[in-house]
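Undergrad: Protein chains in written order, with the working numbering: chain A, 1 to 484; chain B, 485 to 959.
Every residue, glycine too, gets a C-beta built ideally from N, C-alpha and C.
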C-alpha cells in the first residue's frame, strides 16, 4: 500500500502516529501522477511546485496537530472552479489562458483549512457533457479501462480520485456531473442539496442546477469535504441560511428501520442487466442492514431529461454570453464588432457548447418561451413535488446512478441524444434540488464499476451519508483499485 | 383637422447609493476609467450578484412618493443582448413582477393639477460606457458605471404636450431629490428620459404609430425635441404620409429629431427570471417603516407654507421646490422669523447670491439663525432695510454675524431726532433754491432732500424719522 492509495482519514492517522509526513504524501501523489497521468489524463493544469513547497512548510509547522481535517491534504479541483492565480479553463479554448484574480468560495474555505492544490482537473467544456470527451484539452480515460470514458462532466476529478492521482477532489454537478463519473470510476460522488454549498467562483453552466460537491475514495472523506465547503455565503444569494451539522458524526450510525424508496421508474427497459443486478443486490444488502425497502413512484420521471435540457440550455445560453472577447479570454479580431463576436465564439467554443447555446437561445425566444421554458418550469415543479410526496413515505430513495457502466470512447459522440440519456437517473435530483450520493455497489463481468445512488430530502445529506457509509462498510467494493 | 399628441415617458434615474447594485464598488462619477470595477461588475466567470438593499429601499421610497402599489413579491430578470459595455451579455433588470406598479404624479394643469398615471417602477443595473475617442481604429470600454443602480419609471401615455412632459420631468426631479434617492443631475446623465410619441386626430381613441425619442438631456431639449417631433408627425400625416415606427435622436445643434439607423429593431431580449437572485419578498412592516421615515413631499410642504404661514402660491412653490431650501426656510421660522419676511429675503437677495455661485442654500455660510438675527435688527430699528442688504452681502461673503458687521462698520441706524435735525438744518441752509422750489409745489424734491441726508449719514439715517422731520421743517 502506497501513501497515494490512502483516504483522508487514513492519512490523518498516519500523520498523527508519525508514520508519514506531509511532504512524503505530496511526493507520493505526484509520483503517482507522473506514473499514470499520460494514460489517464485527469488534469488540465498541475500545481506541483506550489504543492510540494506547501507540503514541506506543513512538515515544519509545529501547530500542524491542531489544524483541521484537510490540512496539507493534496486535493484536485475541477477546472471550472476559480482558483486565484491558477489557470481556470473550463476545458475551453475561450478560457485557455484565463487566470482568475479571485478565489472561489469553496477553495477559499479549503485554503482556510490549509489544503494543497494538486492541480485542475479536466471536464467536458463548461461542464457540458457526460464523458469528458467534450474537452478542448484532450480526453480523460477511465482508469478501469483506458478504452472507456470516465463519465462527465467531472470526469477528470473522478478519474484522478480512482487513479490515486489525488487524495480527493471537488467536482460540480448540474445534471449528474459528479455522480455519473463517480459511478463510472468506482468512487464516491456527492451532490449536495442546491444551496448547501456556495456557487461563488464556480463558472456557471446552469445557475439554478449547478452545485459543487466532493469526489472521494470513501464515504467518510465525502463527509469531511462537505463539512469543509458547506454553509451560507454572503457572495451567493442562492446559498441557504440553514445550519450545517457535522456530517462525519452520522458515519457509523445504524440504518435499522429506515425506509428506503425504490422508484419503479428507475428500473426501466434498456437499463444494463448487470447494472440492474448489482443495484438490486445493493438494495438487498441495505435490507440486511435493517433498512426497509418500499416501492414508490416518481411519476414525472419521464419528463426529466426533456425538462432539464430546456432549462439547463436556456440558462447556459445566457451564462455563456459573457465570453465575447471584450474583456478577457480568447479574442479573434474581425472586420467589425459583430464579426469579432462571431469569430471569437466560433473558434472559442466547441460543438456541444454551441449546440446548447443554440438550443437555449431558441427556448427563450419570444414566441417559443411559453411552449418551452415556461412549460419546462412547470414540469420542474411537478418533478419536485414527486420527491416531496415520496419523502412523506420514505427516508431515502435508492436507484442506479446510471443505466449503463462506462461506455467506450467515441461511442456516443455522434449521437447527443443518446449521450443525454445517460443522465436519466441523476437529472431529476438537480431539478428538484435534493441531494444524492453515488457509492460503488459492484462490478460488471468486464470489471467496470457500478454505482448505487442514494437520494435524500432537502438539506438532509446526513441520512444519505449515513446510509452510504453503512452500505460501504458492509461491502468490499470500495477497496478495489484499478490495475494501472 | 385638429391633432393631439400622445406621449409616454420612460425615465432612468441613477440611485444615490454609495456602492453598485451587485457589488461593493463605488458609484462615484467622473473617476479614471475602470478604476471602480471588480470581478462582479466586470462580469468575470463564476461571479454572482448580491442585491444592494439600499437600492431596493430607494425604489420603494420612490414608489411610495409616487403613490404606487409596492409589490410584496418581485423578481429580477435577465435582458439578453450583446454590447461591449454590457459585461455579462445580459442586463439584470425586472420584467414581470417589478418592485412598484401603478401610481401617479401630479403636474400643474389649467386651474387644477393634472394627474399623470404611472405604469411601473423597476430596478436594474446600468451598463458601462463605450469610448470612441483616443484612437482611430479602436474603441474602449469604461466599466465604472456598469452596475450602478438605476430605477426606471414608466408613465402611461397620458401626456399631451411637450410642456406637460417637461413639467412631469421637473416634478419628478424635485421628488427624487427630495426623498434623497437620486441627485437628478441631467447633465451627468443621472436622470435620463426617453419619450414615446404619437399623434392622433382629436376626439379619436385609437393610438397612432409611435416613435421613440432618445438623447434629451435637459428640460429645454425635452420640450424642444417633443415640440419638433409632434409638429413633424402632424405634418407627415397632413401630407398624406405615414409615420414609421422607429427610434429617433434629438440633435440639439440642428434642433431636429433624426432617425437612428437601428440595428436594434426587432430585438428579442429573451427575458427570463435570473436564477442567481432570489425573489424579493417584502414584509409590510418594512414598507411601513420606510413610509414612516420619509420626509414630507414638496406638494405637502407647499400647501403648508400657504395655509399656515400665508405665503403666496408662487413663492411657496419656489421655497418647496428644493428640499434644502424648504428646510432652511422652515428652520428660520422655527427660530422665530416672520415667515413672509424670511420668504422675501430668501427668494430675493439670497437666491440671487446663491445663483451667482450656483450653490445650494445649505452650502452657504449664512445659516438660518443668521437671517433671523438680521431680521431682528431691522425690526428693532437698529439698521435700515437698505443697510441690511449691505450687511447681508457681507455676511454672505465672510460668514460673519450681522451684529458684528453692524458694529465693526458703524452701521447702526441714526434715529436720534435732535442729531438728525441739525444735519437736516445744515442741508436746508445749503440748498435754499431747492427749498423754495419745493415750497412752490415741486413735491418730488422731497426725495432729493432725503438723498442728501442719506449721503451725509452714509445711509444710516432712519428714513422714517428723516421724512417726518423734513415734512415738519418744510411745512
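Comparing C-alpha positions only, which one of B:521, B:504, B:545 sits nearest to residue 773 of chain B?
TA: Walking along the second chain from the start, residue 773 of chain B turns up at place 289. Among B:521, B:504, B:545, the Cα nearest to that of residue 773 of chain B is on B:545.
Undergrad: What whole-angstrom Cβ distance do residue 35 of chain A and residue 449 of chain A have, given they're in contact under 8 Å?
TA: The count along the first chain starts at 1 and reaches residue 35 of chain A at position 35. The count along the first chain starts at 1 and reaches residue 449 of chain A at position 449. The Cβ separation is near 21 Å, so there is no contact.
Undergrad: Look at residue 824 of chain B and residue 802 of chain B and say whether their C-beta atoms are less than 7 Å apart.
TA: For the purposes of this step, residue 824 of chain B is taken as the residue at position 340 of the second chain. For the purposes of this step, residue 802 of chain B is taken as the residue at position 318 of the second chain. Cβ distance not < 7 Å, so residue 824 of chain B and residue 802 of chain B don't count as in contact.
Undergrad: Whose Cβ in chain B lies nearer than 7 Å to the Cβ of residue 235 of chain A?
TA: As a first step, residue 235 of chain A is located in the first chain; it is residue number 235 there, counting from the start. Here the neighbours are 532, 534.
Undergrad: Is it true that the CB of residue 85 of chain A sits closer than 7 Å to the CB of residue 278 of chain A?
TA: Locating residue 278 of chain A in the first chain gives position 278, where the first residue counts as 1. Locating residue 85 of chain A in the first chain gives position 85, where the first residue counts as 1. Result no, Cβ atoms of residue 278 of chain A and residue 85 of chain A do not sit closer than 7 Å.
Undergrad: Anyone know if the C-beta pair for residue 454 of chain A and residue 432 of chain A falls short of 7 Å?
TA: What you label residue 454 of chain A is simply residue 454 of the first chain in a count that begins at 1. What you label residue 432 of chain A is simply residue 432 of the first chain in a count that begins at 1. In this structure, residue 432 of chain A does not lie closer than 7 Å to residue 454 of chain A by Cβ.
Undergrad: Hey, is residue 761 of chain B's beta-carbon within less than 7 Å of any beta-carbon in chain A?
TA: Counting from 1 along the second chain, the entry for residue 761 of chain B is found at position 277. So yes, residue 761 of chain B belongs to the interface.
Undergrad: Hey, does residue 624 of chain B have any beta-carbon neighbour from chain A nearer than 7 Å?
TA: As a first step, residue 624 of chain B is located in the second chain; it is residue number 140 there, counting from the start. Not an interface residue.
Undergrad: DSSP on residue 333 of chain A, reduced to helix/strand/coil?
TA: Here residue 333 of chain A corresponds to residue number 333 of the first chain, with the count starting at 1. Correct three-state label for residue 333 of chain A: coil.
Undergrad: From the beta carbon of residue 348 of chain A, is the nearest beta carbon of chain B less than 7 Å away?
TA: One-based indexing of the first chain puts residue 348 of chain A at position 348. No, because no Cβ of chain B sits closer than 7 Å to the Cβ of residue 348 of chain A.
Undergrad: Cβ atoms of residue 731 of chain B and residue 633 of chain B: under 7 Å apart, would you say?
TA: Walking along the second chain from the start, residue 633 of chain B turns up at place 149. Walking along the second chain from the start, residue 731 of chain B turns up at place 247. Not a contact, by the Cβ cut-off of 7 Å.
Undergrad: Could you tell me how far apart the beta carbons of residue 176 of chain A and residue 423 of chain A are, in whole angstroms, since I believe they sit closer than 8 Å?
TA: Here the question's residue 176 of chain A lines up with position 176 in the first chain. Here the question's residue 423 of chain A lines up with position 423 in the first chain. Contact flag correct, Cβ pair sits at about 4 Å.
Undergrad: Out of A:106, A:153, A:224, state which residue places its alpha-carbon closest to the alpha-carbon of residue 419 of chain A.
TA: Position 419 of the first chain, counted from the first residue, corresponds to residue 419 of chain A. Residue A:153 is the option with its Cα nearest to residue 419 of chain A.
Undergrad: Which residue's Cα is closest to the Cα of residue 721 of chain B: B:959, B:485, B:504?
TA: Here residue 721 of chain B corresponds to residue number 237 of the second chain, with the count starting at 1. Among B:959, B:485, B:504, the Cα nearest to that of residue 721 of chain B is on B:485.
Undergrad: Any C-beta of chain A sitting closer than 7 Å to the C-beta of residue 756 of chain B?
TA: Locating residue 756 of chain B in the second chain gives position 272, where the first residue counts as 1. Answer yes: the Cβ-Cβ gap between residue 756 of chain B and chain A drops below 7 Å somewhere.
Undergrad: Reducing DSSP to helix, strand and coil, say where residue 145 of chain A ends up.
TA: The residue labelled residue 145 of chain A in the question sits at position 145 within the first chain. Residue state, collapsed to three classes: strand.
Undergrad: For residue 328 of chain A, count neighbouring C-beta atoms within 10 Å of its own C-beta (all shown protein chains included) and say buried if the count is 16 or more, exposed if not.
TA: By 1-based counting over the first chain, the position of residue 328 of chain A is 328. Its Cβ being crowded by 16 or more others within 10 Å, residue 328 of chain A is buried.
Undergrad: By Cβ distance below 6 Å, which residues in the same chain neighbour residue 527 of chain B in space, the five residues on each side in sequence not counted?
TA: Here residue 527 of chain B refers to the residue found at position 43 when the second chain is read from its first residue. Counting only Cβ-Cβ distances below 6 Å, and skipping sequence neighbours, we find 571, 572.
Undergrad: Quick check on this structure: which residue in B:591, B:586, B:661, B:611 has the alpha carbon closest to the alpha carbon of residue 638 of chain B?
TA: Walking along the second chain from the start, residue 638 of chain B turns up at place 154. Nearest option by C-alpha distance: B:586.
Undergrad: Less than 7 Å between the C-beta atoms of residue 879 of chain B and residue 846 of chain B, yes or no?
TA: In the second chain, counting from the first residue as 1, residue 879 of chain B sits at position 395. In the second chain, counting from the first residue as 1, residue 846 of chain B sits at position 362. Contact: no.
Undergrad: Can you give the Cα-Cα distance for residue 16 of chain A and residue 464 of chain A, rounded to whole angstroms?
TA: Here the question's residue 16 of chain A lines up with position 16 in the first chain. Here the question's residue 464 of chain A lines up with position 464 in the first chain. Cα to Cα, the separation comes out at about 29 Å.
Undergrad: Assuming the contact rule is C-beta atoms closer than 8 Å, residue 316 of chain A and residue 205 of chain A should be a hit. Round their C-beta distance to whole Å, please.
TA: Looking up residue 316 of chain A in the first chain gives position 316. Looking up residue 205 of chain A in the first chain gives position 205. Confirmed, about 6 Å.
Undergrad: Whole angstroms is fine: what's the gap from residue 388 of chain A's alpha carbon to residue 457 of chain A's?
TA: Here residue 388 of chain A refers to the residue found at position 388 when the first chain is read from its first residue. Here residue 457 of chain A refers to the residue found at position 457 when the first chain is read from its first residue. Approximately 8 Å, taken between the alpha carbons.
Undergrad: Could you tell me the distance, in whole angstroms, from the CA atom of residue 783 of chain B to the CA atom of residue 737 of chain B?
TA: To locate residue 783 of chain B, count along the second chain from 1; it is residue 299. To locate residue 737 of chain B, count along the second chain from 1; it is residue 253. Approximately 36 Å, taken between the alpha carbons.
Undergrad: Do you know offhand how far residue 377 of chain A's Cα is from residue 307 of chain A's?
TA: The count along the first chain starts at 1 and reaches residue 377 of chain A at position 377. The count along the first chain starts at 1 and reaches residue 307 of chain A at position 307. So the alpha carbons of these two residues sit roughly 8 Å apart.
Undergrad: Could you give the DSSP three-state label for residue 89 of chain A: helix, strand or coil?
TA: As a first step, residue 89 of chain A is located in the first chain; it is residue number 89 there, counting from the start. In the structure shown, residue 89 of chain A sits in coil (DSSP, three-state: anything other than H, G, I, E or B).
Undergrad: At the 7 Å Cβ level, is residue 574 of chain B part of the contact set with chain A, yes or no?
TA: To locate residue 574 of chain B, count along the second chain from 1; it is residue 90. It does: the Cβ of residue 574 of chain B has a partner Cβ on chain A nearer than 7 Å.
Undergrad: Would you call residue 688 of chain B buried or exposed, if buried means 16 or more other Cβ atoms sit within 10 Å of its Cβ?
TA: Within the second chain, residue 688 of chain B is the residue found at index 204, counting from 1. Answer is exposed; the Cβ neighbour count stays below 16.
Undergrad: Between the stretch 500–528 of chain B and chain A, which residues of the former have CB atoms less than 9 Å from a CB of the latter, in chain order?
TA: Listed by position, the residues of the stretch 500–528 of chain B near chain A (Cβ gap below 9 Å) are 522, 523, 524, 526, 527, 528.
Undergrad: Please state if the CB of residue 440 of chain A and the CB of residue 189 of chain A are separated by a distance shorter than 7 Å.
TA: Walking along the first chain from the start, residue 189 of chain A turns up at place 189. Walking along the first chain from the start, residue 440 of chain A turns up at place 440. Against a cut-off of 7 Å, the Cβ pair of residue 440 of chain A and residue 189 of chain A comes out as no contact.
Undergrad: Let me see if you follow: with CB-CB separation under 7 Å, is residue 629 of chain B close to chain A or not?
TA: By one-based count along the second chain, residue 629 of chain B stands at place 145. No, residue 629 of chain B does not count as interfacial toward chain A.
Undergrad: Going by DSSP in three states, residue 525 of chain B sits in which element: helix, strand or coil?
TA: Looking up residue 525 of chain B in the second chain gives position 41. Coil.
Undergrad: Ordered along the chain, which non-local residues of its own chain (more than five positions away) have a Cβ less than 8 Å from that of residue 707 of chain B?
TA: Working through the second chain from its first residue, we reach residue 707 of chain B at position 223. Only 646, 647, 649, 650 meet the Cβ criterion.
Undergrad: Residue 938 of chain B by DSSP, collapsed to three states: which one?
TA: By 1-based counting over the second chain, the position of residue 938 of chain B is 454. Here residue 938 of chain B sits in helix by DSSP.
Undergrad: Please compile the residues from chain B whose C-beta is within a distance smaller than 7 Å of the C-beta of residue 201 of chain A.
TA: Taking the first chain and counting its residues from 1, one reaches residue 201 of chain A at position 201. Within 7 Å Cβ-Cβ: 530.
Undergrad: Note down, one range per segment and in chain order, each beta strand (DSSP E) of at least 3 residues found wholly within the stretch 273–315 of chain A.
TA: Counting only runs of 3 or more, we get 292–296.
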